[in-house]
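One structure below.
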Ligand SMILES: Cc1cc2nc3c(=O)[nH]c(=O)nc-3n(C[C@H](O)[C@H](O)[C@H](O)COP(=O)(O)OP(=O)(O)OC[C@H]3O[C@@H](n4cnc5c(N)ncnc54)[C@H](O)[C@@H]3O)c2cc1C
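Quick look at the structure:
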């Protein structure tokens, strides 16, 4: 492909080895016991995968979205969950710390995240609705040099696993028209008044913890505010949007992983002396159609990565890639299950795991109907 070169081929091989050695043996543990893949994240830091999106000054290797997408694509061929757990440390909510943290905070915390030694979480969603930001009930008020936070968050990824939580709090009378009313505040897991609540049982992304967190007169230093006071809405959205491409790379990789397993199955499974592949035109055509979708999406994803590498804005394309990625992965996994016949429904077969994880991509990181609504602003 046009974006590959010798250096990127080496990177891909390194991540393939990493996936074989660290990710593959842990898939069953994540699936059956919902264990958070802390060691996978730590080792992803150790071998430099997390650092692919961060500057060298904090231990990264420079901001190259193609390299980052390549790494996530490879991990996702084996496990969409592991890919998501790693990519969440590479960009998105961590970007708030990268963009708005003080040099001291970045030196202390961002370094650890890049090394895989600390876990970060972004806590926005509340029972009033994930996107209903200005109706949130979690409030923070300043008391001399400290924020005092009261309230709770739901559906927080990495709840109970994270060392730091970036929490969107109401800090003044909300004014949705001006985007005023919220501030992002960093809360360490050992802050007084902070508590982790119920961890949800989900249909997919087993191993990625999603749960409730509580703040009861929780106190953190004033300097823990990330970004402009009362304008957290803008801080959140503008800072993290480029990271969306990594969800796309994860969907691409998992769709490929499913496709490769399905080709193998169709060539090995015998029907009256011939493989499914050799027996039925409809099977061959379905595989070819899957390939069309995957290859078209690959070009889309890496084109966006190159645009970002050039420092250009790709906001509508990023939104489209998030929508298309979830749909692609879901449709490939669904077709794969059909081609596997009843075997596809068996847990040991892997395909049902990918299909469940595909569905999670419709929710985590942005819901397609909400994103489509966002896209209409570009029309
Ligand atoms: C696995 C998982 C992990 C998550 N991780 C996090 C996390 O780390 N941090 C966090 O803060 N949140 C997280 N969330 C929550 C997620 O961001 C919210 O679920 C999402 O914002 C939607 O909010 P809601 O579920 O309250 O749906 P609601 O706001 O109740 O919306 C329901 C439906 O209404 C429609 N709708 C709502 N708003 C609009 C709109 N503006 N335009 C068009 N249609 C609309 C959509 O179809 C939507 O699905 C996670 C969710 C899941 C499932």
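In my numbering, the protein residues as written are 40 to 418.
Just so it is clear, CB atoms sit at the ideal spot from N, CA and C, and this is done for glycine as well.
Source: prediction; values computed, not measured.
- Task: Assign residue 418 to buried or exposed, taking buried as 16 or more other Cβ atoms, counted over all protein chains shown, within 10 Å of its Cβ.
- Result: As a first step, residue 418 must be located in the chain shown, where it is residue number 379. Exposed.
- Using a beta-carbon distance below 8 Å, is residue 372 in contact with chain D? In the displayed structure, chain D is absent; only one protein chain is listed.
- Residues that DSSP places opposite residue 270 in a beta bridge: The count along the chain shown starts at 1 and reaches residue 270 at position 231. According to DSSP, residue 270 bridges with 221.
- Task: Measure the CB-CB distance between residue 106 and residue 91 and report whether it falls below 8 Å.
- Result: As a position in the chain shown, residue 106 is number 67, starting the count at 1. As a position in the chain shown, residue 91 is number 52, starting the count at 1. Contact: yes.
- Message: In the DSSP assignment, the beta strand (DSSP E) including residue 182 goes from what residue to what residue?
- Response: On the chain shown, residue 182 is found 143 positions in, with the first residue counted as 1. Note, residue 182: beta strand (DSSP E), 178–182.
- Query: Of the choices 246, 343, 302, whose alpha-carbon is the least far from that of residue 76?
  - Reply: Stepping through the chain shown from its first residue, residue 76 is reached at position 37. The residue with the shortest Cα to Cα distance from residue 76 is 246.
- Message: Quick check on residue 137: buried or exposed, where buried means 16 or more other Cβ atoms within 10 Å of its Cβ?
- Response: For the purposes of this step, residue 137 is identified with residue 98 of the chain shown, where counting begins at 1. By the Cβ neighbour-count rule, residue 137 is buried, with 16 or more other Cβ atoms within 10 Å of its own.
- Task: Give the straight-line distance between the Cα atoms of residue 265 and residue 186, rounded to the nearest whole angstrom.
- Result: Within the chain shown, the letter at position 226 stands for residue 265. Within the chain shown, the letter at position 147 stands for residue 186. Taking the CA atoms as reference points, residue 265 sits about 12 Å from residue 186.
- Can you have a look at residue 140 and say buried or exposed, based on whether 16 or more other CB atoms are within 10 angstroms of its CB? Against the chain shown, residue 140 aligns to sequence position 101. So residue 140 ends up on the buried side.
- Item | Segment limits, beta strand (DSSP E) that includes residue 208 | Here the question's residue 208 lines up with position 169 in the chain shown. Where residue 208 is concerned, the enclosing beta strand (DSSP E) stretches over 203–214.
- Task: Keeping to the same chain, check which residues put their C-beta closer than 6 Å to that of residue 200; ignore five residues upstream and five downstream.
- Result: Numbered from its first residue, the chain shown carries residue 200 at position 161. The answer, listed in chain order, is 75, 158, 248.
- Do you know offhand how far residue 311's Cα is from residue 318's? Position 272 of the chain shown, counted from the start, is the residue given in the question as residue 311. Position 279 of the chain shown, counted from the start, is the residue given in the question as residue 318. Between residue 311 and residue 318, the C-alpha separation is close to 9 Å.
- Evaluate the contact criterion for the stretch 389–396 versus the stretch 341–361: three or more CB pairs, one atom per stretch, below 8 Å. no
- So residue 185 is in the beta strand (DSSP E); what residue range does that whole segment cover? Counting from 1 along the chain shown, the entry for residue 185 is found at position 146. 185–196 is the extent of the beta strand (DSSP E) around residue 185.
- Message: Going by the DSSP bridge assignment, what does residue 310 pair with across the sheet?
- Response: Taking the first residue of the chain shown as 1, we reach residue 310 at position 271. Answer by DSSP bridge pairing, in chain order: 313.
- Task: Given a cut-off of 8 Å, decide if residue 152 and residue 254 are closer than it, judged by their beta-carbon atoms.
- Result: If you number the chain shown from 1, residue 254 lands on position 215. If you number the chain shown from 1, residue 152 lands on position 113. No, the Cβ-Cβ distance between residue 254 and residue 152 is not below 8 Å.
- Task: Hey, could you find the ends of the beta strand (DSSP E) residue 141 is sitting in?
- Result: Taking the chain shown and counting its residues from 1, one reaches residue 141 at position 102. That residue, residue 141, is in no beta strand (DSSP E); it is neither H nor E in DSSP.
- Item | Residue burial classification, residue 371 (beta-carbon count within 10 angstroms, cutoff 16) | Within the chain shown, numbered from 1, the residue matching residue 371 stands at position 332. Under this definition residue 371 is a buried residue.
- Task: Inspect the beta-carbon positions of residue 172 and residue 304 and report whether they are closer than 8 Å.
- Result: Indexing the chain shown from 1 puts residue 172 at position 133. Indexing the chain shown from 1 puts residue 304 at position 265. The answer is no: Cβ separation not under 8 Å.
- Query: According to DSSP, is residue 354 helix, strand or coil?
  - Reply: Numbered from its first residue, the chain shown carries residue 354 at position 315. Helix, per DSSP.
- Quick one, which of 133, 100, 180, 45 has its alpha-carbon nearest residue 279's? On the chain shown, residue 279 is found 240 positions in, with the first residue counted as 1. For the residues 133, 100, 180, 45, the minimum Cα distance to residue 279 belongs to 133.
- Task: Leaving out five residues on either side along the sequence, give the residues of the same chain with a beta carbon under 7 Å from the beta carbon of residue 181.
- Result: Taking the chain shown and counting its residues from 1, the one referred to as residue 181 is at position 142. Hits under 7 Å: 261.
- Item | Nearest-angstrom beta carbon gap, residue 206 and residue 192 [assumed within contact, 8 Å] | Walking along the chain shown from the start, residue 192 turns up at place 153. Walking along the chain shown from the start, residue 206 turns up at place 167. Indeed they touch by this definition, with Cβ atoms about 7 Å apart.
- Message: Taking 7 Å as the limit between beta carbons, can you name the residues of its chain near residue 87, skipping five residues before and five after?
- Response: Looking up residue 87 in the chain shown gives position 48. So the list reads 100, once near-sequence residues are dropped.
- For residue 281, I'd like the list of residues in its chain whose CB is within less than 6 Å of its CB, leaving aside the five on either flank, ordered along the chain. In the chain shown, counting from the first residue as 1, residue 281 sits at position 242. Result list for residue 281: 347, in chain order.
- Message: Are there any heavy atoms of ligand 1 lying less than 7 Å away from the beta-carbon of residue 80, as far as the coordinates show?
- Response: In the chain shown, residue 80 corresponds to position 41, counting from 1. Answer for residue 80: no, Cβ out of range of ligand 1.
- Item | Burial state of residue 337 (16 or more Cβ within 10 Å) | Taking the first residue of the chain shown as 1, we reach residue 337 at position 298. Burial call: buried.
- From residue 176 to residue 215, what distance separates their C-alpha atoms? Indexing the chain shown from 1 puts residue 176 at position 137. Indexing the chain shown from 1 puts residue 215 at position 176. Distance between the alpha carbons of residue 176 and residue 215 is about 15 Å.
- residue 415 versus residue 116: straight-line alpha-carbon distance, rounded: Numbered from its first residue, the chain shown carries residue 415 at position 376. Numbered from its first residue, the chain shown carries residue 116 at position 77. Their Cα atoms are separated by approximately 32 Å.
- Task: Can you give me the Cβ contacts of residue 56 inside the same chain, cut-off strictly under 6 Å, excluding the 5 residues immediately before and after it?
- Result: Residue 56 sits at position 17 when you count from the first residue of the chain shown. Taken in chain order, the list of residues that qualify is empty.
- Item | Residues of its chain near residue 331, where Cβ-Cβ distance is below 6 Å and the 5 sequence neighbours each way are ignored | Sequence index remark: in the chain shown, residue 331 carries index 292 (1-based). The answer is none, since no qualifying residue turns up.
- Item | Identity of the residue in 103, 95, 195, 178 nearest residue 150 by Cα | Residue mapping note: residue 150 aligns to position 111 of the chain shown, counting from 1. Considering only alpha carbons, the answer is 95.
- Exposed or buried, which one is residue 276 when buried takes at least 16 other CB atoms within 10 Å? The residue labelled residue 276 in the question sits at position 237 within the chain shown. It is exposed - the Cβ of residue 276 has fewer than 16 other Cβ atoms within 10 Å.
- Message: Once the 5 residues before and after residue 119 are set aside, which same chain residues still bring their CB inside 7 Å of it?
- Response: As a first step, residue 119 must be located in the chain shown, where it is residue number 80. For residue 119, where only same-chain residues beyond five positions count, the Cβ hits under 7 Å are 289, 293, 393, 396.
- Task: Would you list the residues sitting across from residue 74 in a DSSP beta bridge?
- Result: Locating residue 74 in the chain shown gives position 35, counting from the first residue. Beta-bridge pairing links residue 74 to no other residue.
- Can you list, in chain order, the residues of its chain whose CB lies under 7 Å from that of residue 108, leaving out five sequence neighbours each side? Indexing the chain shown from 1 puts residue 108 at position 69. Residues 284, 285, 288, 340, 341, 344 of the same chain have their beta carbon placed closer than 7 Å to that of residue 108, with the five preceding and five following residues left out of the count.
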